[in-house]
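Trainee: Numbering (mature numbering (1 follows the signal peptide of the UniProt record, and there is no 0)), first residue to last: -18 to -1, 1 to 455.
C-beta atoms are modelled at their ideal positions from N, C-alpha and C, and glycine is treated no differently.
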Ligand SMILES: *[C@@H]1O[C@H](CO)[C@@H](O)[C@H](O)[C@H]1NC(C)=O
Ligand SMILES: *[C@@H]1O[C@H](CO)[C@@H](O)[C@H](O)[C@H]1NC(C)=O
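1. For residue 138, which residues from the same chain have a beta carbon less than 6 angstroms from its beta carbon, with the 5 sequence-adjacent residues on both sides left out?
2. CB residue 176 to CB residue 127, shorter than 7 angstroms?
3. Quick check: the Cα distance between residue 343 and residue 414, rounded to an integer number of angstroms?
4. If we call anything under 7 angstroms between Cβ atoms a contact, is residue 61 one with residue 222?
5. Taking residue 111 and residue 82 to be in contact with their CB atoms under 8 angstroms, please state how far apart those CB atoms are, rounded to whole angstroms.
6. Cα-Cα, which of 123, 64, 50, 69 is closest to residue 92?
7. Taking just the CA atoms, how far does residue 145 sit from residue 371?
8. Is the Cβ-Cβ distance between residue 68 and residue 53 less than 7 angstroms?
9. What does the Cβ neighbour count give for residue 219, buried or exposed, with the cut at 16 atoms within 10 Å?
10. Do residue 347 and ligand 2 come close, with the Cβ less than 6 angstroms from some heavy atom?
11. With respect to 6 angstroms, is the separation between the Cβ of residue 327 and the closest non-hydrogen atom of ligand 1 below this value?
12. What separation, rounded to the nearest whole angstrom, lies between the Cα atoms of residue 217 and residue 336?
13. In or out: residue 166 buried (at least 16 other Cβ within 10 Å) or exposed?
14. Measure how close the beta-carbons of residue 180 and residue 66 come, nearest whole angstrom, since I'm counting them as under 8 angstroms.
15. Could you work out which residue in 86, 70, 212, 378 is closest to residue 117 when comparing CA atoms only?
16. Roughly how many whole angstroms lie between the Cα atoms of residue 410 and residue 340?
17. Whole angstroms are fine: how far does the CA of residue 454 sit from the CA of residue 432?
18. For residue 444, collect the residues of the same chain with a Cβ closer than 7 angstroms to its Cβ; drop the 5 residues on either side in sequence, then sort them by chain order.
19. Report back the beta-carbon spacing between residue 80 and residue 58 to the nearest angstrom; my notes put them in contact at under 8 angstroms.
20. Roughly how many whole angstroms lie between the Cα atoms of residue 284 and residue 450?
21. Between which residues of its own chain and residue -3 is the CB-CB distance below 8 angstroms, once the five residues before and five after are set aside?
22. Looking at residue 330 and ligand 3, is the gap between the Cβ and the nearest heavy atom below 6 angstroms?
23. From residue 16 to residue 195, what distance separates their C-alpha atoms?
24. Is residue 204 near residue 229, with beta carbons less than 7 angstroms apart?
25. Counting beta carbon pairs with one atom in the region 380 to 400 and one in the region 293 to 302, are three or more of them shorter than 8 angstroms?
26. Mapping the DSSP letters down to three states, classify residue 39 as helix, strand or coil.
27. Answer yes or no: do residue 381 and residue 361 have a C-beta to C-beta separation smaller than 7 angstroms?
28. How should residue 330 be labelled, buried or exposed, when 16 other C-beta atoms within 10 angstroms of its C-beta is the threshold for buried?
29. Taking its Cβ as the centre, do 16 or more other Cβ atoms sit within 10 Å of residue 346, making it buried, or is it exposed?
30. Of the residues 320, 252, 215, which one's Cα is nearest the Cα of residue 263?
31. Return the first residue and the last residue of the alpha helix (DSSP H) that residue 421 is part of.
32. Within the continuous beta strand (DSSP E) that includes residue 140, where are the two ends?
33. What's the call for residue 322, buried or exposed, on a 16-neighbour Cβ count within 10 Å?
34. At what residue ranges does the region 349 to 388 contain a whole run of the alpha helix (DSSP H), taking only runs of 4 or more?
35. Please give me, in chain order, every unbroken run of the alpha helix (DSSP H) with length at least 4 that falls completely inside the region 181 to 248.
36. What are the boundary residues of the alpha helix (DSSP H) that includes residue 11?
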């Protein structure tokens, strides 16, 4: 008995622990390399802000006796970071290694000895072979946005050379090593905190992830991370919710995301996998909001068309209509009766929509008299593309099936209306749908991010967008 319950519990665990993401984002080594370039510029700026405090003291120097000295007004002249690497540390984050770096600074010296002798001048300090290694952890914050922190850091100074200008250089040689050590310590102590600052300066950028992206008056998309990023030896993978919701009313659809993972890819900086769950959650939201319905009137039919929305045209196929409602204009209401279902097969996106078409005659006093209701099954093909930071699409009609729902005008051959309704779908409904789809749906984005070299391919159950990115400003 116990064993059976325990087994049942174990079997339930994978279902109850954590949600599968609707969107997966893979940051490749190429993407990290771009990040390294951006990051190094900011670390260099930070290191230029090193402030070296004045150093003063006194030292016994034989045979002169006590020498009082001070070093002041020290300024960083240059910081060079010619060599750096950003490596993935599976399970943790990334490691930034900076080698061969150098810092040059300039300052003033002053000494006083044998009570009355004073001297002063300037000096240059070159710190070479500077090595900085820092581990950066990447996690999810409480809002589902990525957050980075420097979790360990070591800075070592290989060699330092100091050159005094003016004065009694013989004197300085005596305690050169001592001064050199004091300066090195002062620098070494400041490097890691500044690098940690530069790393946490990334967080305001990461906070701009659009965890809730508004789409239109009906829908928004949630892009918060559902778990911490996973770091492998070739990429950092982010699992985002990727779910459309009704604005203000987060109702879950009667289906949930299936686990999926992106194939290993290296050519682009970023890969974004958008699952069929995400697109189906959109269909659910728009259908639930009643947004998938359209009244069609004659003025929406192209002028040149011989087919008009009036009882004369329809009367040619259903004589009762012409007889009972002579000389009236008509109106059609096309709407879905359940959420359209989207399927992704390799290179093939298809939407199956089930709906109704209700035909009305418009009476002279504007009352609508229902004529019939048809059940409509349609299949459309979708072409998807990325435009700016948005995913857009266009549909074409594949197939349409009509059956009679209700007739208010007696029996008639539904088939006879096929060509009229096909024309209505092709020239009115689908162009309207395409205007909406062309506006696009926001993709996950950070700050002022621009996509370049973008391609999109449709695979089984998800689409894969491969892209490079540029940060502007
Ligand atoms: C696309 O997929 C749908 C169903 O998923 C299928 O009915 C249709 O034949 C496919 N089209 C092509 C061109 O393969
Ligand atoms: C509008 O006209 C139709 C047909 O003449 C009639 O049956 C209906 O009662 C009228 N409705 C109103 C609100 O006047």
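Mentor: Working from what's here:
1. 113
2. no
3. 23 angstroms
4. no
5. 7 angstroms
6. 50
7. 54 angstroms
8. no
9. buried
10. yes
11. yes
12. 41 angstroms
13. buried
14. At roughly 12 angstroms, the Cβ-Cβ gap does not stay under 8 angstroms, so residue 180 and residue 66 are not in contact.
15. 70
16. 15 angstroms
17. 7 angstroms
18. 242, 255, 256, 257, 258, 326
19. 16 angstroms between Cβ atoms; not a contact.
20. 43 angstroms
21. Summary for residue -3: the model assigns pLDDT 37, below 50, so the residue's position carries little reliability; its value from the coordinates is reported in the next sentence. Excluding sequence neighbours, residue -3 sits near nothing in its chain.
22. With respect to small molecules bound, the structure shown includes ligand 1 and ligand 2 and not ligand 3.
23. 25 angstroms
24. no
25. yes
26. strand
27. yes
28. exposed
29. exposed
30. 320
31. 412 to 421
32. 128 to 147
33. buried
34. none
35. 185 to 188
36. 11 to 29
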